[in-house]
Structure formats: C-alpha cells, structure tokens
C-alpha cells in the first residue's frame, strides 16, 4: 500500500484506500472534523493522541490497511532538471566518492574523497584534511569516525507544503555539505559558486517503508505502529489542506530520514517541482 503525498488528490485517494472506503467518505469526514483537528495543533510530540477510531467509525472501516511504501519530498539543488533525473538521490559517501555533479564540482575546488571503514576521508591538493585545525563546522558529525553520528543519509519532508525559510531543516541554494566545508575554510565561494549556477528543485520519490525513519522513531516502533503514525500525520495534513483558506496556518510536516546506506534510484523519482523564495516563505511551484 502506497501512501502517496505528492498532492492533495493523491493523498485523498491513498487515505480512501487505507480506510477501505471511497474518496467521498474521506472528504465528508474532513468537512465535519477538519477544524477540530487543526485546533489541536498536532506536532511530533502530540500526534500520537490523534484518535483513528473516529474516522474508522465514520468510514465503516474495521481495520486499516498497512502502508508499505511512501513518497518523500526532498530539496535538491541542481543545474537543470535533466541532470537531476540522470543521478540517483544519494547518501553522502556515494555522492562524494562517485562520478556525480557534486564530486565533479568539488574536484574543481581541489577536493577529493574516499570512504574507508565507515568514514569519509577528505583531501585537498592531495593532502588529507585535518578538520580540527580549521574553523568550527559539523563535519566531524557528517563524515563518520569516532564520536560521529555517521549522518550520511538522505532526508526529506513527508508532505508537499510551503515552509518558513528560517525554520527549514535543510539548506537551500547549495548542498549542506558545501556550506559546512565553506565554513570550515572560511571560503564562502565553495558554496556560493555552486549555488549561483543551480536551481532548487522539490523532488518527490518513492521509498519502501522499511527504508524510512519518521522523526527518529524507528528504534521504538514496529511496522504497524509506523503505518498508523503516517496515517495520523496524513489526517492532520488533510485537515490543513482543506481549510487552508479559512485557517492560514502552517501544519507540522515531519522529516523522513532514510537508512544510512539507502540510495534512491532515479527511476523512483515521480515528480519534480521548482521552489520559489518569497521571504519568509519557500513556496513549492508546479512547473
């Protein structure tokens, strides 16, 4: 069962399938209860309290169908859409150590990378970089090794929605790793030169549920609980989508983190959209 969050219509159909009903019943439920849901202000700490029994009863559903695949929506700066579609959405080690747009750009800046013993080793001008001798950055966390989080994974948003630029948990204009390297060296052109020739794309792709972690909850919940959690987030999102004209309020859009070694095949990309910065908002634009 796919939870398709690529747009409002697909999400409506997905919820109808999950509750074994039709789209009309789903929409009727939200016409009646959307404002109540919005008023709860659900977030990652309170979403568990959203009661699924009410909508199950409304739709005459005895048991929810289990989700096994989702759509993740990811910010990806690239020179053009053709280049974007030619590459997988990659973990950091693969993006830096194989022939990619990012690795080619960094090679122009005299950087090269190898991945050994779950650690990214960086060189510049042929010399291994000792990040401790440079300015403060998050590269110890990102590149692996002792006391690292091995934070190599791809991540994205569960839903398609505009977001506040200041609150965006993801860099725009150039990949986060370029900004980290630029900060370490105090050479902001490392990030800025890449940003100047790129557009920000909002990329929607399919991911198996067992390859996804919802807000770092994977350690604590099983597949059924994960599926139910996604349904609860979807109900909250649907309420906001339907009442956006009456309640101009941002809803909580959870971050989905993929497994650290999972690279998304470019064949699994199903939609690409542009982003437009309309400060303080970043808006998703259908081209």
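In our numbering, the protein residues as written are 10 to 296.
Don't be surprised by glycine CBs; every beta carbon is placed ideally from N, CA and C.
Here DSSP, grouped into helix, strand and coil, assigns residue 54 to coil. Contact check between the stretch 198 to 212 and the stretch 275 to 283: three or more CB pairs, one atom from each, fall below 8 angstroms, which counts as touching. When only Cα atoms are considered, residue 23 and residue 138 end up about 48 angstroms apart. According to DSSP, residue 82 shares a beta bridge with 166 and 213. Between residue 118 and residue 199, the C-beta spacing is below 9 angstroms. Selection 250, 218, 191 and 33 evaluated against residue 235 yields 218 as nearest (Cα-Cα). Where residue 247 is concerned, the enclosing alpha helix (DSSP H) starts and stops at 232 to 251.
As the crow flies, the alpha-carbon of residue 35 is around 6 angstroms from that of residue 25. Excluding the 5 residues flanking it on each side, residue 186 has no same chain C-beta neighbour closer than 6 angstroms. Residue pairing from DSSP places residue 221 in a beta bridge opposite 267. Here the C-alpha atom of residue 74 lies approximately 44 angstroms from the C-alpha atom of residue 123. Secondary structure at residue 157: coil, using DSSP grouped into helix, strand and coil.
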